[in-house]
Structures are given as C-alpha cells and as structure tokens.
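J.: Below is one structure. I have some questions about it.
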Amino acid sequence: MITMEHVCKSYRVAKRNAGMKEACKALFRREVEVIRALSDVSFTIQDGEMVGYIGPNGAGKSSTIKILSGILTPESGSCLVDGRIPWKNRTEHVRQIGVVFGQRSQLWWDVPVIDSYELLKDIYSIPGNIYRNNLEELTELLHLQELLKMPTRQLSLGQRMRCEIAASLLHSPRILFLDEPTIGLDAVSKLAVREFILRLNQEHKTTVILTTHDMQDIEALTKRIILIGRGRVLMDGTLEDMRQLATKHGKPEEEKLEQDHMKASGERKTEQDDESLEHIVASLYRELDIV
Amino acid sequence: MIIAERNPMFAKINSGIKLYFHYISIVLRSTMQYKASFFLMVAGRFILSFNGILGVYFMLSRFGQVKGYTFGEVLLCFSIIQMDFALAECIGGGFATFTSIIRQGEFDRILLRPHGAILQLLGSKFRIDRIGLILQAIAMFVYGIAVSPVDWTFGRGMTVILMLVGGTLLFTGFFLLRAAFTFFTIEGIEAVNILTYGAKEHGKYPLDIYGKRMMRICTYILPYTLIQYYPLQYLLGRTQRWYYGLYPFGVAGFLVICYAAWRFGMRHYQSAGS
Amino acid sequence: MTNYKKYFSFFRLQFNMELQYRVAAVSGVVTQILWGFMECLAFRAFQESDFSAYPMAFSATVSYIWLREAFLAAFTTWNADGEIFDSIMNGGIAYELCRPVSVYNMWFSKTAAGRIARAGLRCIPLLAIAFILPRPFRLMLPAGPQHFILFAITLLLGLGVTVAFCMFTYILAFFTISPQGLRMIFTSMVDFLSGAIMPLPFMPERVRKIVELLPFAGMFDVPLRIYSGDLAGADMLRGIGLQCFWLIVLVVCGKALCRAAERRIVVQGG
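If you read the protein sequences in the order shown, they are chains A, B and C.
As numbered in numbering that gives the first Met the number 0, the first sequence has no gaps in its residue numbers, which increase by one up to the final residue, 290.
As numbered in numbering that gives the first Met the number 0, the second sequence has no gaps in its residue numbers, which increase by one up to the final residue, 273.
As numbered in numbering that gives the first Met the number 0, the third sequence has no gaps in its residue numbers, which increase by one up to the final residue, 269.
Here is the structure:
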C-alpha cells in the first residue's frame, strides 16, 4: 500500500536575467526563486491498483515519482510505501520497486540487451532460478526472443521500450512506476506495451503507477485517475469523474473550441471519442489554470 | 561462499566486488564495439602526453638541473604523478565526469539501484581509454629509474608503491570532492580542475621548486607533498628521515574529508531535487 | 554590406551565448591565474638554477605567460568548435549547405566569433589582475607604443592563422571516420609548436630554428614576444612576414579543400 499525506516539496532555482547589467549583478548576488513543486499532496493507493497520474508539464508528476522511489526527500508530510519510508534506507526500498523512464534508457547502449540483464541480475542479487523464470516469462510476453542478442543501439524505439520494461521487472518488484512509457512509440508498439501492462497487473497483482500525456493510455489501462496541477491534487476519481468535472467547469467553451478545430482542419469525426478526451483534458487544464 | 552465507557483512562485500567486476567487463565489451576509435584515442593520448616530457627534456637540457634535481629525477617524479592521475581518472571516472552524469539524469537511475552510489559510479564509468596515459607513464617511469641514480632498497621500493597508491587515492579524492560540489552547483565547477589537472601538470617538478609558500599550501591545504615531495626526498636519498616514505598514508585523512563532503552533497541532492 | 551584417550576427549570438555561462567564465579566470602563477614560479626556479642559460628577460617570460593566459581561449586549438564537428559527423551539415553563404566563410566567422567572444570576456579581468600582481610576477606595460600596435596587429594575424588551421581540422573530419584521435594528435602537436607550452626561445637552438618557420609559431610566439620587445628588428619582421604568408597559404588551401569536400558530399549524397 502506498500512502502520501500532506507532502510538500519545493526547489530553489537561481534566477537568470538577460542583459549585461543583470549578468554582472548576478555575479555578486544571486536571486533565488522558490518553485513549489508539490504542495499538500495526499493520496492512498492499494496493492494491485493501477493508477493514472496525469497533469500538464511541470505539474509535479516526476517529483511525486521521485519521492515515492526514494530519490528525493520531501520537506514535510509523510509517505509510506509498503510500510517503508522510501528515502530512509533507500537500498532496501528500491529492491521492491521498478521504474521505467520513457525518455531515458537504463540499458547499456553498446552491448546486447541480455548483457544488461545479466548485470541487473547482479545489481539486484536476483537468485538464479527466479531470474531465469522471470526472463523466460518476460521474453515470451514482450516478444523479446530476437532482441536479446542485439545491442541496444540497434533497437527501434518500440523494441527498446519493451526491453526497458522487462529490465525493470526482472527482480519481480511489487510496485512499478511508469513515466511516459509510450512516448514516441508507433501504434503497434503502444498496443503491445498496454496489453502487457494490463496483464502484469492482472496476473501478478503488481501495483502500477503510470504517468502519461497519452489519454488513450489512460483510457485503456486505468480505472482511477489522479489529476495534478501546480503541485496540488485536483481530482482523484474515475474517467467519468473527470468528464463531469470538465462539464462543470467550462463545457461551452470547450465545445466551441472543438468546433473551431473541426472547421479549421476539416477533420472527419472518426476518432471522436479520443479526440474529445484529449479536448476534455486540455480544457480542464486551461479551466483550472494549471498549464 | 560458505563464509559468505554465515556472515552477512562479508556477503555484502563479496557481492559488491562481484558487481564491480561485472561492470568493468561490460565497460570493456562496450568499448570494444568501437575498436578503431578506441585505439586511435589511446594512441592520441599516448602521443599527447609526450608534450610534457619533451617540455621537461628541453628545459632540463638547457639548464642542466632545477633546484638540484636532474632530468632523471624529475622524470621519475613526473611519471609517478602522471600515473597517479591516469589511474585515478581510469578508476574514478565516475567522479571525474560527474557533472554530465548529473546533467543527464543518470544519477537518478543510480539511486534507484539497491547498491551504494559510489560503487555504481566507480564500476559503470571505468575509463579504459586512459590506458594510453598509463602505458606512457610506465614507459617514462622505467626510463626514469634507468637514468636516475636511485639506490634501490626494499624500503624505497615500498615507498614507490605507497606513492602510487596514495597519489591515485589523492586524485580520486579530489574528483570525489568535485563531484560533491556538483550536487550544489554545476556552474563554475571547472575551477576545481586546477586542483587535479593543475596538480598533474605542475606536479611534474618536485614541489619545492615553487618556493616555500607553495610548499606550505600543498602540505596543509592540498596535501600533495604527502605523495610527492616528502616520499621523493627519501626515494632520491636526499634525507635520512626514513619516515618521509610513509607520508602517503596521510592521504587516508583527506579521503575521510572527501567522503564526508560527498555524503553531505548526497543529502542535499535528495532534499533539493535535481 | 548585407554580407558583413550576416557575419556580424554570428558574433553577437556567440557573445550572448558566452555571457550565459558567466560563472564558468569567472571560474575559468581564477583557474588561469593560478595556472599562470605556478608557471611563473617554475620559470623562476629554472632561472635561479642557472642564470646564464636563461634565454630571455624574466619579465618578458612573465608577460608572455600572462598574455597567453589572457588570450588562451582565442588561440588554443583544443576547444575547436564542437558544434561544427557534430554537424559534420551527424549529417547536420546538410542544413549548412542550404544556407546562402559559403561554408568556409561561415565556419571561419563562426569560429573566429566564438574565440573572440570567449577571449574578450576573459582577457579583461585576467589582464587587470596580472597588472597589479606583485613584482616580479607583474605583467609589464608593452615595451613601447609601436610594440603595442604591432602586438595588436600580430595578435589578429595569429588569430587568423589559428582559425584557418582549425578549418583544416574540420575539413579533415569529412574524410576520416573517427576524427577524435586524429584531432587529439593534431592539437597536442600544435600546442607544442605554437609556444603554448613554453616560449620558443627555450627550445634547443636547432629545433627552434625549424619551429619558427612553421605556421604555428605565428599563433602564440610572435605576438606575445613582440609585446615585451623580446622579438624585435629583423627577426620580428621575418615573424610577421611568415604570419602573413601562412595565413594566405592556409586560407587558400583550406578553401580549395573545402570545395572538394562539398563536392564529395553532393556526390555521395551526404
């Protein structure tokens, strides 16, 4: 079980001003700006749940994931993951979690994928039989057979993402954090990744926390959505709840926008559902003024 | 293995060492993917370092000696410092390139692994391409021994080893210190390079040629004389004080400070964010 | 006229970019002062070891070291423009070929701009500090007004030679698969032959006579020794003449090679 209660986190960032005069001033006196990344974030996630964590860029999504995975320490508030405080005794904690960053690779670029896996086996001290079982299962489910012998640099993005996900699951973590796992993938790879995540959640009861900008991911995978903006939890509920929230907040404008969009691009209404979901989220962001 | 099962502490160290060598083997395999480029780089570094030797050679052939040190003696000193530095860059590459590790967010991944950050940094950033510099330093060292009038005894042999180990650790310590600063600011961190690259360049001459004040700075603030000037005096038979040969042990104290700074930086990183 | 404007805009861009990294510039200045100071100390140790073997006035060596540090960013071949290398290696060069300027001229001005911007920012605090250091480590005023003028002219000529040489290393990257190692060998050679490591008079007589004829001597050695008056009279005129000669040769050859490289790209389709 994951609980976060009243978690706050802010960063201090040096201000940078353009111009020669400002530049000279900055040499002597640094102006520091405090950016609130999270203010009073609370939620609970049960074992085996699958949660979509959404919000515009800079809303505080990665800060939350970094706190939950023990990379960052919050200023105040408490956070418990399966009874552990993530940033205390980090090494024990990270043994139980898996993290996939969609925009970064954890595989070694120039050696075959399997070599990276072997290294992970040593890093996590995975017992031989468990490693073999997991590898076998992941290879089958993610269709890695052909890929394992190839160096990472030769994989396509979709292939690589499948390998990345497998890499994060070799040590059978109880919780999996997915940070934009489908970013930049083609349709086939996206579907494959989604299908796998769904299965993982159903069969192994792995808790999955997913951040994404792709609303189709959310629709396909998660029943529960946590919407975050400017460091606050704005909504915690189902997709339906989100639709209602959007209606309540500013449906008319959203519809107008949608119509404008239709007119402008002359698009047919084939993918209306997804289109409108994207629009709902966009208008929510705008209405709640969190962009 | 049997002991390992009984003693968890031992098991931890054992798995750490195993992991370290696993990292190195993977680094080697990665590097060997680009053999041509690798060998060109090694050759480049090898030739590059001859600049320094040629400079020393020209200067000493013009002046004959500097503050009483002959060419062979300077060469010995130079080669040891050079080897210290090359080994430190090779082993502690993870600290030396820490700025880019932070910048590219690789450090987050390191924190997500159930092992100490230092072990992972040392292992995953082992810089095998520094082998060119090491080879060159060895060649220079052998030549230095041949032409310098060192009266070799067991104690002097041990002193050379201590100088090498101590020097490598000292440079590694400076890299670690620099990495610790990186947690607070990435900008301007290059100034710290004067403490490492600068020491390597200017440490080719025994430090006493730079005068008394510099000697004092390099003893009490930056402990370079511990691995250079003092043991060198014993090595070259310029002093009767045999304990000068043991001065490299003092580096241990410096390392403790560097490690404390690193721990402090890590805590700051976790509380300040990337 | 518009042509000049185009090139000037590179300068402005580069200068602003350098300003962004002002903290790095400050720390660089501190580093260089310490570095130069250590070197002064080393030269003094040599002088004290054998006065008679010292080939120039000590104050001339000191000036040489400080001026070298002040203008290092402009002359060192180490920090050749990484962006240009990258564009050659990853095919971004295609964009450059689309622009309505000659590749050679554009790269030349871009490189020169980067160097002048970097050195321009750094040399002022560095020189200011070097002028107030205690003797004998103080940077002296130039030997005379005519020396200063000639110093300024030869400094610019030297920059031209340096950039023209850098152009060669760029163009070579077209023809080799892995320019890294080659570049390293090149730059280390240049460092030595240009007098960046030690002023040329410290080299043995026979070596020096050859090195002085090479294009590299024009980068550091000629301008920096003219400043202190160490290089004067006929030797100085010969130095300046060689600088001009090499600048012309390097630019002409570079342009020809560049055209060949461009053709190669067009033929091979990048």
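Just so you know, even glycine gets a beta-carbon here, dropped at the ideal spot from N, CA and C.
Only a predicted model underlies this, so the values are computations on that prediction, with no experimental measurement involved.
Alpha carbons only, please: which of 193/C, 223/C and 224/C is nearest the one belonging to residue 209/C?
T.: Here the question's residue 209/C lines up with position 210 in the third sequence. Cα-wise, what sits closest to residue 209/C is 193/C.
J.: Helix, strand or coil, according to DSSP, for residue 213/A in the structure here?
T.: To locate residue 213/A, count along the first sequence from 1; it is residue 214. Residue 213/A: coil per DSSP, three-state reduction.
J.: Does DSSP put residue 136/B in a helix, in a strand, or in coil?
T.: Looking up residue 136/B in the second sequence gives position 137. Of the three classes helix, strand and coil, the one that applies to residue 136/B here is helix, per DSSP.
J.: Write down the C-beta distance between residue 207/A and residue 40/A rounded to the nearest angstrom, noting that I regard them as a contact closer than 8 Å.
T.: Position 208 of the first sequence, counted from the start, is the residue given in the question as residue 207/A. Position 41 of the first sequence, counted from the start, is the residue given in the question as residue 40/A. About 19 Å; that fails the 8 Å criterion.
J.: Could you run through the segment 110-132 of chain A and flag, in chain order, every residue whose CB is less than 7 Å away from some CB of chain B?
T.: Hits within the stretch, in order: 110, 114, 118, 121, 122, 123 and 124.
J.: From the beta carbon of residue 253/A, is the nearest beta carbon of chain B less than 7 Å away?
T.: One-based indexing of the first sequence puts residue 253/A at position 254. Low per-residue confidence applies at residue 253/A: pLDDT is 49, beneath 50, and the placement is therefore not dependable, though the value from the model is reported in the following sentence. So no, residue 253/A is outside the interface.
J.: Under the rule that 16 or more other beta-carbon atoms within 10 Å means buried, what is residue 288/A, buried or exposed?
T.: Walking along the first sequence from the start, residue 288/A turns up at place 289. Answer is exposed; the Cβ neighbour count stays below 16.
J.: Between the segment 53-78 of chain A and chain B, which residues of the former have CB atoms less than 8 Å from a CB of the latter, in chain order?
T.: Correct list: 62, 65, 68, 69, 70, 71, 72 and 74.
J.: Could you check the C-alpha separation between residue 156/B and residue 257/C for me, to the nearest Å?
T.: Locating residue 156/B in the second sequence gives position 157, where the first residue counts as 1. Locating residue 257/C in the third sequence gives position 258, where the first residue counts as 1. Computed Cα separation, rounded: 56 Å.
J.: Can you pull the chain B residues whose beta carbon is under 9 Å from the beta carbon of residue 75/C, in chain order?
T.: As a position in the third sequence, residue 75/C is number 76, starting the count at 1. Chain B residues near residue 75/C: none, gap ~13 Å exceeds 9 Å.
J.: Output the residue ranges of the alpha helix (DSSP H) runs that lie fully inside the segment 120-161 of chain C and measure 4 residues or longer, sorted by chain position.
T.: Listed in chain order, there is nothing to give.
J.: For the segment 51-66 of chain C and the segment 64-74 of chain B, state whether three or more C-beta atom pairs, one from each stretch, are separated by less than 8 Å.
T.: As far as the Cβ criterion goes, the segment 51-66 of chain C does not touch the segment 64-74 of chain B, which means the pair count is below three.
J.: CA-CA distance, residue 162/B and residue 15/B?
T.: Position 163 of the second sequence holds residue 162/B. Position 16 of the second sequence holds residue 15/B. Near 27 Å, if we compare the C-alpha coordinates of residue 15/B and residue 162/B.
J.: In angstroms with no decimal places, state the Cα-to-Cα distance between residue 137/A and residue 163/C.
T.: Your numbering for residue 137/A matches position 138 in the first sequence. Your numbering for residue 163/C matches position 164 in the third sequence. The straight-line gap from Cα to Cα measures roughly 56 Å.
J.: Is residue 302/B close to chain C? Criterion is C-beta to C-beta, closer than 7 Å.
T.: The structure shown has nothing for residue 302/B, since chain B only spans 0 to 273.
J.: If we cut at 7 Å on Cβ distances, does residue 19/C have a partner in chain B?
T.: For the purposes of this step, residue 19/C is identified with residue 20 of the third sequence, where counting begins at 1. So no, residue 19/C is outside the interface.
J.: Can you round the beta-carbon distance between residue 77/B and residue 55/B to whole angstroms, since I take them to be within the 8 Å contact cut?
T.: One-based indexing of the second sequence puts residue 77/B at position 78. One-based indexing of the second sequence puts residue 55/B at position 56. Right, the Cβ-Cβ distance comes to about 6 Å (below 8 Å), so this counts as a contact.
J.: In chain C, which residues lie with their C-beta within 8 Å of the C-beta of residue 66/B?
T.: The count along the second sequence starts at 1 and reaches residue 66/B at position 67. Simply 44, 47 and 48.
J.: Could you give the DSSP three-state label for residue 293/A: helix, strand or coil?
T.: With chain A running from 0 to 290 in the structure shown, residue 293/A is simply not present.
J.: Can you find a C-beta in chain B that's less than 7 Å from the C-beta of residue 98/A?
T.: To locate residue 98/A, count along the first sequence from 1; it is residue 99. Taking Cβ atoms only, chain B reaches closer than 7 Å to residue 98/A, which makes this a yes.
J.: Is the separation between the beta-carbon of residue 72/C and that of residue 121/C shorter than 7 Å?
T.: Taking the first residue of the third sequence as 1, we reach residue 72/C at position 73. Taking the first residue of the third sequence as 1, we reach residue 121/C at position 122. Yes, the pair counts as a contact, with Cβ atoms nearer than the cut-off.
J.: Expressed to the nearest angstrom, what Euclidean distance is found between the alpha-carbon atoms of residue 86/B and residue 96/B?
T.: Locating residue 86/B in the second sequence gives position 87, counting from the first residue. Locating residue 96/B in the second sequence gives position 97, counting from the first residue. If you take the alpha carbons of residue 86/B and residue 96/B, they lie about 15 Å apart.
J.: Taking a Cβ distance cut-off of 7 Å, strictly less, list which residues of the segment 99-132 of chain B are near chain A, in chain order.
T.: Taking 7 Å as the Cβ-Cβ cut-off against chain A, the residues of the segment 99-132 of chain B that qualify are 104, 107, 108, 110, 111, 112, 113 and 114.
J.: Helix, strand or coil for residue 85/B per DSSP?
T.: Working through the second sequence from its first residue, we reach residue 85/B at position 86. In this structure, residue 85/B counts as helix in the three-state DSSP scheme.
J.: Which chain A residues are close to residue 17/B, counting only those with a beta carbon under 9 Å from its beta carbon?
T.: To locate residue 17/B, count along the second sequence from 1; it is residue 18. What residue 17/B touches in chain A: 121.
J.: With a Cβ-Cβ cutoff of 7 Å, do residue 180/A and residue 97/A count as a contact?
T.: Walking along the first sequence from the start, residue 180/A turns up at place 181. Walking along the first sequence from the start, residue 97/A turns up at place 98. No, Cβ-Cβ distance for residue 180/A and residue 97/A is not below 7 Å.
J.: Does the distance from the C-beta atom of residue 193/B to that of residue 30/C stay below 7 Å?
T.: Position 194 of the second sequence, counted from the start, is the residue given in the question as residue 193/B. Position 31 of the third sequence, counted from the start, is the residue given in the question as residue 30/C. Yes. Within cutoff.
J.: For residue 11/A, go through chain B and note every residue whose CB falls closer than 8 Å to its CB, in chain order.
T.: Position 12 of the first sequence, counting from 1, holds the residue named residue 11/A. Within 8 Å Cβ-Cβ: 271.
J.: Give the secondary structure of residue 203/A by DSSP, where H, G and I count as helix, E and B as strand, and everything else as coil.
T.: Mapped onto the first sequence, residue 203/A falls at position 204. Looking at residue 203/A - three-state DSSP - the assignment turns out to be helix.
J.: Mind listing which residues of the segment 188-219 of chain B have their C-beta closer than 7 Å to chain C's C-betas, in chain order?
T.: Within the segment 188-219 of chain B, the residues whose Cβ lies closer than 7 Å to some Cβ of chain C are 189, 190, 192, 193, 197, 201, 204, 208, 209, 210 and 213, listed in chain order.
J.: By how many angstroms is the C-alpha of residue 154/B removed from the C-alpha of residue 249/B?
T.: In the second sequence, counting from the first residue as 1, residue 249/B sits at position 250. In the second sequence, counting from the first residue as 1, residue 154/B sits at position 155. Each residue's Cα considered, the two are about 18 Å apart.
J.: I'd like the list of long-range same chain contacts for residue 267/A, defined as Cβ closer than 8 Å, with 5 residues on each side in sequence excluded.
T.: For this step, residue 267/A is matched to residue 268 along the first sequence. Model confidence at residue 267/A stands at a pLDDT of 46, short of 50, so the residue's coordinates are unreliable; what they give is reported in the following sentence. Taken in chain order, the list of residues that qualify is empty.
J.: Check distances from the C-beta atoms of the segment 45-58 of chain B to those of chain C and list, in chain order, the residues that come in under 7 Å.
T.: Here the close residues are 46, 47, 50, 53, 54, 57 and 58.
J.: Residue 24/B to residue 116/A, Cα distance in whole Å?
T.: Locating residue 24/B in the second sequence gives position 25, counting from the first residue. Locating residue 116/A in the first sequence gives position 117, counting from the first residue. Taking the straight line joining both Cα atoms gives about 14 Å.
J.: Roughly how many whole angstroms lie between the Cα atoms of residue 127/C and residue 160/C?
T.: For this step, residue 127/C is matched to residue 128 along the third sequence. For this step, residue 160/C is matched to residue 161 along the third sequence. Answer to the nearest angstrom: the Cα atoms are 27 Å apart.
J.: Does the Cβ-Cβ distance between residue 327/A and residue 195/A come in under 7 Å?
T.: Only positions 0 to 290 of chain A appear in the structure, and residue 327/A is not among them; the question remains open.
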